[in-house]
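Novice: Start counting at 1 in the sequence shown, then tack on 1, and there's your number in our numbering.
I have a structure I would like to understand better, so I am pasting it below and will then ask my questions one at a time.
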Amino acid sequence: MPDHLVLLLDAPLSAFGGEIIDAYGVVRDFPGRSTVTGLLANALGYGRADGTRLDRLQARLVLGSARLAEGRRMRDFQTARLGAGDRGWTTRGRVEGRSGGAATYDSPHIRYRDADADALVLIAFRLDPPAESPTLAEVEGALDRPERPLFVGRKPCLPSRPLLAGCVAADDVRAALESGLAACAAGEGRFRLHPSRARREADGWPRSARPVRAQWPADREPGERERRLEICDERDWVVGVHGGSRGVIEGRLSLPARSRGETP
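Here it is as structure tokens:
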């Protein structure tokens, strides 16, 4: 069985970016391949100029995720007054000026950004092919000692605990998610929830072992009460645009019967 790394994303705010429409930056329920690629690349010390390496890391990434705590979706209203002489850094590493007539700067720059407050998300992933560098072991070491500070989606979304929970051997991503759920419920090692989080979840998961919403690769036909979706969550890191699609299955995962103290 291949090894999978399991991450536990526990943060006051998290933002798994979706499509930006006009001034509205919405978020997804589950982190996409580009989001997790950026997170791992940050830990490894990759820069935005490393487009080829970023593309390859994303292509090898096989992942799924589960929402242990839904949290609360919120919308942040952001405004800034920009002047004609203001300059800023671009993603290509060049300082960029501003253009337009004087009337362009009469009004403030306004936008809206969504985020999830107090959500708890479990991620399981592997790299395919496994022997290529960076290997899963190299990524595991980088997550333990990252080259740069890590964040959950956007830079203001700082995690409240180390992201790496552990490594599990599983047939596929769905099975790895189930192993992670069982380890969280049992409070094993790094899967143990913070006491404040455990108190908040006392009447919900994991005590009740209720099913949680999850998403995993569409490497098999969806089962009962599951659905197959085509999502666009990849980025062309060389060109700097999002595009393409992949198949995923969304459904609910429960703890194995043995983890709930029931007869399997």
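Don't be surprised by glycine CBs; every beta carbon is placed ideally from N, CA and C.
Which of the three DSSP states, helix, strand or coil, is assigned to Asp-56?
Specialist: In this structure, Asp-56 counts as helix in the three-state DSSP scheme.
Novice: Quick check on the burial criterion: 16 or more other C-beta atoms within 10 angstroms. Buried or exposed for Ile-124?
Specialist: Counting Cβ neighbours within 10 Å, Ile-124 comes out buried, since at least 16 surround it.
Novice: Between the beta-carbon of Arg-162 and the beta-carbon of Gly-26, is there less than 8 Å?
Specialist: The answer is no: Cβ separation not under 8 Å.
Novice: Pop quiz: Ala-118 and Arg-73 are said to be a contact at Cβ under 8 Å. What is the actual Cβ separation, rounded to whole angstroms?
Specialist: Confirmed, about 5 Å.
Novice: What are the uninterrupted segments assigned as alpha helix (DSSP H) that are 4 or more residues long and contained completely in the stretch 173-258, given in chain order?
Specialist: Listed in chain order, the complete alpha helix (DSSP H) runs (minimum 4 residues) inside the stretch 173-258 are 174-187 and 196-201.
Novice: Quick check on the DSSP output: the beta strand (DSSP E) that includes Glu-20 runs from which residue to which?
Specialist: Note, Glu-20: beta strand (DSSP E), 18-22.
Novice: Which residues in the same chain as Ala-12 place their Cβ atom closer than 7 Å to its Cβ, once the five residues preceding and following it in sequence are excluded?
Specialist: Closer than 7 Å at Cβ, skipping near neighbours: Val-153, Cys-158, Leu-159, Pro-160 and Ser-161.
Novice: If you measure between the beta carbons of Leu-256 and Ala-215, is that distance less than 8 Å?
Specialist: The answer is no: Cβ separation not under 8 Å.
Novice: Alpha carbon to alpha carbon, what distance is there between Leu-137 and Thr-38?
Specialist: C-alpha separation (whole angstroms): 13 Å.
Novice: Do Phe-192 and Leu-1 count as a contact pair if the criterion is CB distance below 8 Å?
Specialist: Summary: the structure shown does not reach residue 1, with the chain confined to residues 2 through 265, and so no result is reported for it.
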